[in-house]
Structures are given as C-alpha cells and as structure tokens.
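Chemist: Residue numbers for the sequence shown follow our numbering, beginning at 19 and rising by one.
Can you read through this structure? Questions will come right after.
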Amino acid sequence: MAAKKDDDFDINEILSQSSIDALLAEATASEQSSVYSWEGKRIETKPNLFIENYDFRNPIFLTEYELRHVRISHEEFIRYLSARLSMYLKMDVSIKMSQLTTTPYSQFVESIPNPTYITMFKVSPLNGIGILATNPRLAMTIVDRMLGGKGHSVKDERYLTEIEMTMVDEITMIILNEWCTQWKDAPEMNPTMIGKENNGRFLQTSPHDAIMLILSMECMLGDCSESMLMGIPYYSIEDLIKRMEDKNKQNTNQGSMLSREARWFDSFNQIGVKVSAEWTLPSITVAEVLSLKEGDLIELDPDILHRTEIKCEGKQKFWGEIGVEDGNVAVRLAKSV
C-alpha cells in the first residue's frame, strides 16, 4: 500500500466547519478595539458598548449633582432677568439658556465671535474677573428701543460707539445685579464694571488654563434673536457652590426627618373614628330607580354577606362577613385590604 504524501492531504480532514467558523469569529474580533479595565483585565466587547474620550487637559470640576443645582439656579436667574428687562424696555424680552458648561479660559476667549461688545466686571467680595459678551446687533437693537424705537433688529455688524456703549452698560448692570441676586445663601455681592473690549483675543483676565463656568443665552427682542455669553472663573464661585450644596443637603436632611414615622400621643386614643359596613349593590336602570317605592324588595346575591366592605372614615380597610352574634347583628373582619 503506497504511503500518502504530505501534498495529497484533504483539507476537510484537518479543519471542520466549526473550526472554520471559530477562526472567522476570532479574526473579526481582532479587528475591534480592545477594552481594558483599570485593573488591566480585558473587557468583553459588546455591540452597544460606548467609549467616550476623556480630555485630561479639561477636567470636569462640577459633579452632575452640583451642575444640576447650578443649572436650576441659573434658569431662575434667566426667568427673573427676562421679566426685569421686559419691564425696563417696555417690550417683551425672551431669554433662554442655550448651554451651561465648563471650559478652559483659553478656549472660551477663542470662541467669542468678533466683533463683540465685551464687558469685564468684578463682583465684590469674590475673587477673579468675569466676562459678559454681547452680540453687537443685539446691543444696537436694545439701544434703538431705549431711544424710543420699535426694537427692530439692526442688520449692521460694527463696533459700538461711545454713546451706544454707555447705554448698553445700563443693561449690563441690570444683568449683573440679577446674577448676584440668585445666590441667596451668599453674602451681599456688588458688581462693578472694570473694562471694555471688542475682541476676545485681547483678553487676559485669567490664566489660560483657568476653568470658566460659561452661560450661553439666546436673547429675543422683537425680531432680533442673538446670543450673549457670560463667563465666570470657577475659583470665583467655588465657595458659593459649596454654600449652595450645604444648604441643599440641610434641606434634604430636614425633609427626611419630616418623612419619618409620626409619633403617637396618648391624646390620639380619644379621637372618634366613624366605622361603617357597606355592600355594593348591583346596578339598575334609571327607570327602575324612578319606579321604586316603599315596600319594594331588591334581590341581592347571597354571597354578598361575605363581601362586606368595612370602612374607616370612608376609606375601606377590611373585608368582612355579616352574621348574628348573641342575638345582635355583627360583622367579622375577614381580611385587610
């Protein structure tokens, strides 16, 4: 019998279909990105696994819990500001929050469009300098309204004149005062404007890597809808945020104390409670109700004696059974509701 040469092998004798499927699955898996835990163990890749990039140069200083409360506080600030400006300009002013986020100072100033009317301000007794950037078209529309105009959107895109800047500063002070008012648990704060600029690239009010809390607002005045940015250094309001969180925790603790089981006092023992035993009768027609008279009989299901509703102050507490005990009609409590 001739020996089989190595070149005459049958591939079906070496690889089964299951082996081929396993090799294909392994090749497909190798094309996917490997995911490892912080312990160095490989995590099984799932189709719905979402991997988000983390920028270590832009760490998140506010937790989701803190950011939620800061957002609620600024939403309240925007509501009051809308009402205040509407009264001041005698025209409907609608302001909406577009975004509330944290970003490094260098990225913030680069994102400010040009030209823009920029106001630098300081809030006593806080540290740091804040920035309020107002779109020129919005600023000129406000000026037009303050001078008696109808508040139509101004299409020109230019730098403001000295007179226009002076008039816009009145609105700026209203905005800053309202912003200070939102921090209810903080000491009295007084805003002061300390400078003006029309190009964000020239600003040097904070270190380039300082984290800023950025409030982006969309302001609508008549047919004008433009943006306004407010940037506050995080280190300026860090203490205010801690005060707010302490107050929220205190309120939460007080709420949990109130939600505890109520204490029982001996005087409660003498309070009278109305108890009734009731049956639910079958429904009848309106014509049958109108024909009812004294002496008529209404047939009931015999099992209704075992389906008696026991109510305390009108609220059912038990199911009961009606019967006779020592010559008196009585009800036995069968089970609680």
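C-beta: ideal position from N, C-alpha, C; glycine also.
As the structure is a prediction and not an experimental result, all values here were calculated from the model.
State the Cα-Cα distance for the pair L299 and R325, rounded to the nearest angstrom.
Modeler: C-alpha separation (whole angstroms): 11 Å.
Chemist: Just mark H92 as buried or exposed, buried being the case when its beta carbon has 16 or more other beta carbons within 10 Å.
Modeler: H92 is buried by the Cβ-count criterion.
Chemist: Given that a residue counts as buried once 16 or more other Cβ atoms are within 10 Å of its Cβ, and exposed if not, what is C330?
Modeler: C330 is exposed by the Cβ-count criterion.
Chemist: Cα-Cα, which of Q334, C198, L258, R97 is closest to V355?
Modeler: When each option's Cα is compared against that of V355, the closest is Q334.
Chemist: Between D241 and H170, is the Cβ-Cβ spacing less than 8 Å?
Modeler: For D241 and H170, yes; Cβs fall inside 8 Å.
Chemist: Could you give the residue range of the alpha helix (DSSP H) that holds N346?
Modeler: Per DSSP, N346 belongs to no alpha helix (DSSP H); it is in the beta strand (DSSP E), 346–354.
Chemist: Using the rule of at least 16 other Cβ atoms within 10 Å of the residue's Cβ for burial, across every protein chain shown, is I316 buried or exposed?
Modeler: When all chains shown are included, I316 counts as exposed.
Chemist: Can you look up P154 in the DSSP assignment and give me helix, strand or coil?
Modeler: The answer is helix: DSSP assigns P154 an H, G or I state.
Chemist: Check whether the Cβ atoms of Y135 and M183 sit closer than 8 Å, and answer yes or no.
Modeler: Going by C-beta atoms, Y135 is nearer than 8 Å to M183.
Chemist: Can you tell me which of the three DSSP states K335 falls into?
Modeler: Note: K335 maps to strand in three-state DSSP.
Chemist: Tell me the rounded alpha-carbon separation between M164 and L107.
Modeler: Cα to Cα, M164 sits roughly 7 Å from L107.
Chemist: Is the beta carbon of T119 closer than 8 Å to that of T190?
Modeler: In this structure, T119 does not lie closer than 8 Å to T190 by Cβ.
Chemist: Between the alpha carbons of N208 and E84, how many angstroms are there, rounded?
Modeler: Using only the alpha carbons, I get a separation of about 24 Å.
Chemist: Check the DSSP bridge columns for T119 and list the partner residues they point to.
Modeler: BP columns for T119 point to I232.
Chemist: Can you give the Cα-Cα distance for E196 and I289, rounded to whole angstroms?
Modeler: Approximately 52 Å, taken between the alpha carbons.
Chemist: For the beta strand (DSSP E) that A295 lies in, which residues bound it at each end?
Modeler: First-last of the beta strand (DSSP E) with A295: 293–296.
Chemist: Have a look at I328 and I322 and give me their C-alpha separation to the nearest angstrom.
Modeler: For I328 and I322, the distance between alpha carbons rounds to 13 Å.
Chemist: T210 by DSSP, collapsed to three states: which one?
Modeler: Three-state result, T210: strand.
Chemist: Using CA atoms only, rank isn't needed, just tell me which of M158, I259, A204, R60 is closest to M185.
Modeler: Among M158, I259, A204, R60, the Cα nearest to that of M185 belongs to M158.
Chemist: Evaluate contact between the segment 112–126 and the segment 232–250, counting only Cβ atoms and requiring at least three cross-stretch pairs below 8 Å.
Modeler: At 8 Å Cβ cutoff, the stretches touch.
Chemist: Can you say whether I149 is buried or exposed, counting buried as having 16 or more other CB atoms within 10 angstroms of its CB?
Modeler: With 16 or more Cβ atoms within 10 Å of its Cβ, I149 is classed as buried.
Chemist: Please name the residue, chosen from S36, I38, L156, K168, that lies closest to Y8 on a Cα-to-Cα basis.
Modeler: The displayed coordinates of the chain run from 19 to 355. Any statement about residue 8 would go beyond what the structure contains.
Chemist: Between the Cα of A151 and the Cα atoms of E62, E215, W282, which residue gives the shortest distance?
Modeler: Of the candidates E62, E215, W282, the one whose C-alpha sits nearest the C-alpha of A151 is E215.
Chemist: Can you tell me whether L308 is buried or exposed? The criterion is at least 16 other CB atoms within 10 Å of its CB, across all chains shown.
Modeler: It counts as exposed.
Chemist: Do you know how far the Cα of H87 is from the Cα of P154?
Modeler: About 31 Å.
Chemist: Where do the N-terminal and C-terminal ends of the alpha helix (DSSP H) with T199 fall, by residue?
Modeler: Unbroken alpha helix (DSSP H) run through T199: 180–199.
Chemist: Please work out which residues of its chain come closer than 6 Å, Cβ to Cβ, to N217, disregarding the five sequence neighbours upstream and downstream, and give them in chain order.
Modeler: Excluding positions up to five away in sequence, the list reads N132.
Chemist: I need the DSSP call for M109, collapsed to helix, strand or coil.
Modeler: Looking at M109 - three-state DSSP - the assignment turns out to be coil, as it is neither helix nor strand.
Chemist: My assumption, with CB atoms under 8 Å, is that R261 sits in contact with D203. Please give the rounded CB distance.
Modeler: Right, their Cβ atoms sit about 5 Å apart.
Chemist: I need the straight-line Cα distance from E256 to E236, nearest angstrom please.
Modeler: Those two C-alpha atoms are separated by around 26 Å.
Chemist: Counting along the chain, where does the beta strand (DSSP E) carrying V141 start and finish?
Modeler: Per DSSP, V141 belongs to the beta strand (DSSP E) from 135–142.
Chemist: Tell me whether L247 sits in a helix, a strand or coil according to DSSP, three-state version.
Modeler: Correct three-state label for L247: strand.
Chemist: How many angstroms separate the CA atom of K311 from the CA atom of F283?
Modeler: Near 50 Å, if we compare the C-alpha coordinates of F283 and K311.
Chemist: In this structure, how does DSSP classify Y177 when only helix, strand and coil are distinguished?
Modeler: It is coil, neither helix nor strand.
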